[in-house]
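Here is the structure we will look at.
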Amino acid sequence: MSEKKKILIADDDFDMLEQLKMQLQAKGFEVIACESQVEAESQLEQFKPHLAIYDLMMDDVDSGFVLSYKTKKKYPDVPVIIITAVTHETGLKFDVSTEETKNWIKADVILNKDIRFEQLFKEINRLLGED
Amino acid sequence: MQALKVLVADDEIGMRKGVQKVLKKAHFKLEKLDHEIRFEILEAEDGRQTIELLQKEPIDLLLLDYKMPEVSGLEVLEWIKKEKRDVTTIMITAYASLDVAVSATKNGAFDFLAKPFTPEELRTVVEKATRNLIAQREAKRLAEEKRKIRFQFLSVLAHELKAPIAAVESYLRLMQGRAAGEELKNYDHIISRSLIRLEGMRKLIFDLLDLTRIESGEKKRELRTIDLVPIAKNSIETLSVLASERDIEITLKAPESLKLTADHSELEIILNNLISNAIKYNKDHGKVEVILKESDSQVIIQVSDTGIGMTPEEQSRLFQEFVRIKNEQTRNVLGSGLGLSIVKKIAQLYNGTVSVKSEKNVGSTFTVALPIQQEQQVKE
């Protein structure tokens, strides 16, 4: 069996983080979990993940976007997923389906927080080219 | 300056011009408002035109002749009532009979002016109506504001109650799907987390009940002369179990007795909240010091800890409802985010104050100052 793929996740909601971690581990990934933007940034300095999943609002309201930008700058080929409850809570909608938004939102996919794990898992496999 | 729109509806042109002349020069200064009120006058020569104008623009005051051709003043009043227009109406009538008064009042007229009237009489009636109008609008605005705050509180509350349910639900699903294998011990940490979230929810509900009782005034306050020292001792004793679990020492510095006019259970809530916070946000083997003293006809309750402390930014948000300082150190600390806002609300009931001094990683000191005497009736 090949080496486990590493996923970097960041979410300031500890329970969310814990659940995501367990689910990804159950699917056979190695998970590096961070509780803040700062922590995730320092992890990015230390290793290159195969994929990253960021919550949008952490230390700042746009932490996920910032992390996404920094990830892509350092590792252009690492896929990034942003998960957010922002749409649900504020009505603001982000997506990366148009060229215009892709220019400033560097993430590959933006998902809503109440997404079912199986859907998230599908996206992960698609981005890792394993479907 | 604020301009109120006055519509003078009368079929006699002399009357309209006369009223206009008086009110154009009139201006009031109301005690509660920091600006003057002036009038902008519009005219209508019959009932139909009055209704047309009322439909076209917002009118604040209506001086309405009782007897007009075709559509009478009374019919205009009925229309206003039916359409629920926010306009204060003064009936002008030469027939100041009781009948007219009764039917006009029934239909929502604010006051009367009997023809013929002097400029002074006109000014007096208009000023009275203006005061009433401004007071009513102010009350409406306040009620609306209160409704908004209430709604905001409820939205946050719903969110705070939903969050632990969602967390526990997801943890249970993980267990159901055997995400970490068949061994129960693999799930120990998520079981603990679930219990923590549920306990937090229970605490929230209890605090919410406290808060509701204080705010609604439903909880009977029994103000009497009571001794604060035994209440503090009792509170420390109750919480010492929690403290000893983490080897935290609580000391009390207080005179033999310290009396003030207060409600026993409210002081209990203050002390319990402050001391349990000082334990929860402390470091293991830390210290909690409770100081009770008298100063400038006030009773001072001071609770200090050697805990995790707060940054100035964290301190500034502290007394808001549902604010909990979120960081790695507070993750497993149970709290509803209502405790300190309850303490603050109670202190305010006494015209007292709450303040905090804190330094990150050194500790915090909360000080509640309550006047010894309360103005309300004291039951001995």
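So the sequences go chain by chain: C and V.
Letter 48 of the first sequence, counting from 1, is numbered 48 in full-length UniProt numbering, and no numbers are missing.
Letter 330 of the second sequence, counting from 1, is numbered 330 in full-length UniProt numbering, and no numbers are missing.
Note that CB positions come from ideal geometry on N, CA and C, so glycine has one too.
Values in this document were obtained by computation on a predicted structure and should not be read as measured data.
Residue closest to residue i, alpha-carbon to alpha-carbon, out of the options
i: C/I7; options: C/V66, C/T84, C/A40, C/M58; result: C/A40
i: C/D60; options: C/N112, C/D12, C/K48; result: C/D12
i: V/Q2; options: V/E36, V/F319, V/A232, V/V8; result: V/E36
i: V/A9; options: V/Q55, V/K56, V/F28, V/Y66; result: V/Y66
i: V/L198; options: V/E183, V/E215, V/L172; result: V/L172
i: V/L62; options: V/K106, V/H285, V/L53; result: V/L53
i: V/E245; options: V/D284, V/Q315, V/V288; result: V/D284
i: V/P119; options: V/K17, V/E182, V/N186; result: V/K17
i: V/T225; options: V/S216, V/R213, V/E145, V/Q373; result: V/Q373
i: C/Q37; options: C/G64, C/Q119, C/A26, C/M22; result: C/G64
i: V/I248; options: V/L260, V/P230, V/E268, V/I275; result: V/I275
i: V/S170; options: V/Y187, V/L4, V/L228, V/I205; result: V/Y187
i: C/K27; options: V/R178, V/H264, V/F319, V/L370; result: V/R178
i: V/A167; options: C/E3, C/E18, C/K4; result: C/E18
i: V/Q298; options: V/T330, V/D263, V/L74, V/Y350; result: V/Y350
i: V/D11; options: V/K345, V/E43, V/K106; result: V/E43
i: V/D296; options: V/A369, V/L195, V/A101; result: V/A369
i: V/F366; options: V/E294, V/E321, V/Q348, V/V288; result: V/V288
i: V/D227; options: V/V156, V/E266, V/V241; result: V/E266
i: V/A262; options: V/F153, V/L223, V/L239, V/G286; result: V/L223
i: V/P86; options: V/Q320, V/R123, V/K5; result: In the sequence as presented, Pro is not what sits at residue 86 of chain V; that position holds Asp. With distances taken between Cα atoms, V/D86 lies closest to V/K5.
Sequence-distant residues of its chain with Cβ nearer than 6 angstroms to residue i (five each side left out)
i: V/A243; result: I250, I279
i: C/L24; result: I7, V31
i: C/A85; result: K113
i: V/S257; result: D227, V229
i: V/K357; result: T365
i: C/A33; result: I9, L17, K21
i: V/T88; result: L61, F110, A129, L133
Coil, strand or helix - residue i by DSSP
i: V/G363; result: strand
i: V/T88; result: strand
i: V/P312; result: helix
i: V/I372; result: coil
i: V/E183; result: coil
i: V/E70; result: coil
i: V/E380; result: Since pLDDT at V/E380 reaches only 38, below the 50 mark, its modelled position is unreliable, and the value read off the structure follows with that caveat. Three-state DSSP puts V/E380 in coil, outside helix and strand.
i: V/S295; result: strand
i: V/L4; result: strand
i: V/S358; result: strand
i: V/P58; result: coil
i: V/S194; result: helix
i: V/K17; result: helix
i: V/S170; result: helix
i: V/Q320; result: coil
i: C/E130; result: coil
i: V/E78; result: helix
i: V/H285; result: coil
i: V/K162; result: helix
i: V/L338; result: coil
i: C/E3; result: coil
Sheet register partners of residue i (DSSP bridge)
i: V/V290; result: V/L252, V/V303
i: V/E36; result: V/K29
i: V/A9; result: V/A44, V/L64
i: V/T353; result: V/A369
Own chain partners of residue i with C-beta closer than 7 angstroms, once the 5 adjacent residues on each side are dropped
i: C/F14; result: E35
i: V/K115; result: I92, T93, A94
i: V/A232; result: L252, A254, L271, V290, L292
i: C/Y75; result: K48
i: V/R48; result: E70, V71
i: V/E45; result: D11
8 angstroms Cβ shell around residue i - same chain, five flanking residues per side excluded
i: V/H189; result: none
i: V/K24; result: F39, I41
i: V/V273; result: Per the sequence shown, the amino acid found at residue 273 of chain V is Asn instead of Val. Same-chain partners within the cutoff: G339, L340, I342, V343.
i: C/L127; result: L51, P79, I81, D108, V109
i: V/M201; result: L161, P164, I165
i: V/I90; result: L61, L62, L63, L64, A109, F110, D111, F112, L113, V125, V126, A129
i: V/V362; result: T306, G309
i: V/E75; result: G47
i: V/K81; result: N107, G108
Inset, instruction - With a floor of 4 residues, list each alpha helix (DSSP H) that falls wholly inside the UniProt domain "Response regulatory" (6 to 128) of chain C, ordered by position along the chain. - result: 14 to 26, 37 to 46, 63 to 74, 86 to 90, 99 to 104, 117 to 127
Legend entry - Start-end ranges of the beta strand (DSSP E) lying completely within the region 93 to 154 of chain V, minimum 3 residues: 111 to 114
Inset, instruction - Kindly provide the ranges of any alpha helix (DSSP H) runs that are 4 or more residues long and lie completely inside the region 201 to 283 of chain V, ordered along the chain. - result: 228 to 245, 264 to 280
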